[in-house]
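Residue numbers (this note's numbering), protein chains in the order written: chain A, 2 to 445; chain B, 31 to 326.
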Amino acid sequence: MITITPLTRIEGHARITIRLDREGNVADARLHVNSLRGFEQFVLGREAEEVIRIVTRICGICPWMHHLAAVQAVEECFGVRPPPAAERLRELCLLLAHVGDKILHFFFLAAPDFLLTDSCRPRSAFALLQKYPELGGEAVATRRLAQEMLERVGGRAIHPVAAVAGGFSRPLAVRELPLLRKQARQLLDFSRRTLEFAGREVFDKLPAGDRCLDRIRTGFLGLVDRRGRAQFYRGRLRLVDAAGMRSEEFAPAEHGRFLAEARQPWSASGFPWASCWSSGFSLEDDNDGIYRVGPLARLNVAETLATPEAAAALDAFRSRFGRPVQETMLGHWARLVELLHVTERIGLLLHRDDICDDAVWTAVRPGPGRGVGCVEAPRGTLIHEYETDEAGRISRADLLVATSHNNAAMNRSVRSAAAGLIRNGRYSEEILGRIQMVVRAYDP
Amino acid sequence: MRVAWEWLHSCGGCEATLLDLGEALPPLLRRLEIVHMSLLHDHRYGSDSAPEIPGADLGLVSGGVAFAGQQRLLETMRRRCDLLVALGTCATHGGIPALMNSRGMVDGLDGIAGSVGIDPDVVEPLERVHALDEIVQVDMVLPGCPPDPEQVGGLLTAILDGREPARPSRSVCDSCPAIRTGERREAGVKRFCSPPEVAEAGEAVGLRCLQEQGFLCLGPVTAGGCGMERGPHCIRVGVPCRGCLGPVGGQGNQMVAMLNILASGGVDFRTVLDRRGLLRFAGAHGRLRPGKGKKR
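This is the structure we're talking about:
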């Protein structure tokens, strides 16, 4: 048994075990998520409007996504729609949070695998900053810029509180706009250069073996708008199968008719699967119920992207790799196409006439109900579902996070990569490194 | 200076603050050698039952302790690091995950894993979520959920320079920009379901004290320092404090202190529905227990 613990440069706690057969070939391999704090349990009985600012702590890397999925769900429980300006400000914050996250993920978690030589071990974000001071420094500065913009709009970048049941806690002051627009242009400029740099220095140079570390085929899930374009803040869920032939589209509130969640004792995370397409859950390669979420999934399910430069980048991506793209490692490329898209969209939002409207908060009356919130987190679709009692306290909570949507697929990726790389009992630090790379393309 | 950073029952927010130092990060990193930090650096334990961590001058630990494996890691960190810092409110007081202490870890996790259960070599829950100083001796604390990047940078710089890090002992109210009149109109506590009064839209400066407006605000019983010179993060956007940094001076019980303040102000504290939720950042040290009190 080979154990890789902990799995490094991922946002979360996990380990990998690989079981070899008598000949030293891979019999099985698993990704074990070994962190569980129990939010679904300890939010029970608490005032729903407070839970919006508790569930942020599920993830310190993507707190805005939990904050916003929760506020959508609680508003549905209380039967209120927030004012349009609040919706715009929330979307703006969600997209700004995507920027900081994509920079973190690409440059500091993933890029050490691509830009540092094989002999440079241990690999780390710090080694990258040392070897590429200019590029690394700019990435750090741009992430900081996105976090500062978030503070300007929403008060706090990490563990926000600005989304409140019924709206947003304060309007955006007109006098903030000139600086925010200038900063948005800086973000866009950085995104363009990053995509260009990564295409030239990372993806074009990636050995074929590294592009296809695993060979799995799955379906994909992501949010789209009425015209089938990728959406991040609200939308309909679209599920497509591995061949891109079959698809289902449904409101997030109906997810229970299409998705179910299995559990395995060897992982603290659940295993959602598409119960509409498969008669049972399994991790076998031929199970049609396994799907993926995240950048690659979003680009695969969407017809196009709603901003011009990113739409062109997506066209170029598709003309090279087709649709749907199954190669897990290309998720990094998809992430940078999305970085371009979200920064374009941030600029557009900051130029809307209504972004500084004063009406941002409609008072709510706590009460009984059921609500489902759904946003696209950096790592994929995030669903918060709550029920509230007469006093507007949480009586049931069901959270479907990106890590669990991807759990089955990640396990298959790890098994596939391990089986391809470990033969006759021979493996090295470099090979174990490659197996971890495939998980970093998802980043649980 | 060799630095090891371990994260336990945590969310990653404390670690992210290091990267959020921006331009200040590269010069700081030139003075540090990071030997262990799973989020950003490839160092593995070897095994989970006897984890190995390289020796370091400074150990930073974020997150509380809820599993046997986390306890082993913390004890290893203590052995391998000369100076040990509890970083973030989960490490100093349990933080949000210690809300599970009202339920108990084993019972709570059973509620999630159901009949399938979870193998003990994946997670082996302790009875409850602990702050670090319940398990090992802690040399320094920096609460915050998360601390501001400048606070983390300031702590590291102070240690590098051999200075005692600055530590605010006053409450959130001391740096709060809201306007206080000394007058309270409500006899009960209002839920935060309607906009507070502001003198000028979008300006925290025009905000009337949320406590005086009848909302629950834990500013008076919470350690100050969040937002630093800019003022408390949440109140600056018109949202009441919920106690992120734990009790003033690091000691005391925020729930008891807050209910006392309400009662002495003539406010009916029974209008606070989730009273034990006042300990939502400081439920370690045995403060939140299953069945204690009438409400969870």
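Where is the CB? At the ideal position from N, CA and C, for every residue including glycine.
Contact of residue 148 of chain B with chain A is assigned, a C-beta pair being separated by under 8 Å.
Our two residues, residue 342 of chain A and residue 96 of chain A, have alpha carbons roughly 9 Å apart in a direct line.
When beta bridges are read from the DSSP output, residue 400 of chain A appears opposite A:385. Here DSSP, grouped into helix, strand and coil, assigns residue 148 of chain B to coil. Judged by beta-carbon spacing, residue 221 of chain B lies beyond the 8 Å limit of residue 388 of chain A, meaning their Cβ atoms are not closer than that value. With contacts defined as CB atoms closer than 8 Å, residue 30 of chain A and residue 53 of chain A fail to qualify as a contacting pair.
Residue 87 of chain B has a beta carbon lying at 8 Å or more from every beta carbon in chain A. One alpha carbon belongs to residue 266 of chain B, the other to residue 207 of chain B, and they sit about 7 Å apart. Assignment of residue 213 of chain A by DSSP, reduced to helix, strand and coil, places it in the coil class. According to the DSSP assignment, residue 417 of chain A belongs to the alpha helix (DSSP H) that extends over 408 to 422. Residue-level contact by beta carbon fails for residue 294 of chain B and chain A, as no gap is shorter than 8 Å.
Sequence-ordered contacts of the stretch 133 to 148 of chain A with chain B read 134, 137, 138, 141, 142, 144, 145, 146, 148 [C-beta pairs closer than 8 Å]. Listed along chain B, the residues sitting closer than 7 Å to residue 166 of chain A by beta-carbon distance are 223. Contact with chain A is absent for residue 298 of chain B, since none of that chain's Cβ atoms lies less than 8 Å from the residue's Cβ. Following the DSSP letters along the chain, one finds residue 60 of chain B in no alpha helix (DSSP H), marked with neither H nor E. Excluding its 5 nearest sequence neighbours in each direction, residue 137 of chain A has C-beta neighbours in its own chain below 6 Å: 129, 130, listed in chain order. Annotation: Cβ neighbours of residue 127 of chain A in chain B (cutoff 9 Å, chain order): 59, 62, 63, 64, 67, 70, 71.
In terms of beta-carbon proximity, residue 47 of chain B lines the interface with chain A, with at least one pair separated by less than 8 Å. DSSP places residue 126 of chain A outside any beta strand (DSSP E); the residue lies instead in the alpha helix (DSSP H), whose first and last residues are 126 to 132. Residue 160 of chain B has a beta carbon lying at 8 Å or more from every beta carbon in chain A.
For the stretch 365 to 377 of chain A, the residues whose beta carbon sits under 9 Å from a beta carbon of chain B are, in order, 365, 366, 367. Residue range 284 to 294 is occupied by the alpha helix (DSSP H) that includes residue 288 of chain B. Neighbourhood of residue 6 of chain A in chain B, by CB distance below 9 Å: 74, 75, 76, 77, 78, 81, in chain order.
For the C-beta of residue 155 of chain A, the chain B residues within less than 9 Å are, from N- to C-terminus, 267. Residue 285 of chain B places its beta carbon less than 8 Å from that of residue 308 of chain B.
Residue 179 of chain B places its beta carbon 8 Å or farther from that of residue 118 of chain B. Here the C-alpha atom of residue 46 of chain B lies approximately 10 Å from the C-alpha atom of residue 63 of chain A. Taking 8 Å as the CB threshold, residue 203 of chain B stays off the interface with chain A. For residue 33 of chain A, a Cβ of chain B is located within less than 8 Å of the residue's own Cβ. Residue state for residue 431 of chain A is assigned as helix, using DSSP reduced to three classes. Nearest CB-CB separation between residue 254 of chain B and chain A: not below the 8 Å threshold. Annotated as proximal: residue 404 of chain A and residue 34 of chain A, with beta-carbon spacing under 8 Å.
Chain B has no Cβ within less than 8 Å of the Cβ of residue 274 of chain A. Chain-ordered listing is empty here: chain A has no CB closer than 7 Å to the CB of residue 239 of chain B, the nearest sitting near 16 Å. With contacts defined as CB atoms closer than 8 Å, residue 114 of chain A and residue 411 of chain A fail to qualify as a contacting pair. Per DSSP, residue 267 of chain A lies in no beta strand (DSSP E) segment and is marked neither H nor E.
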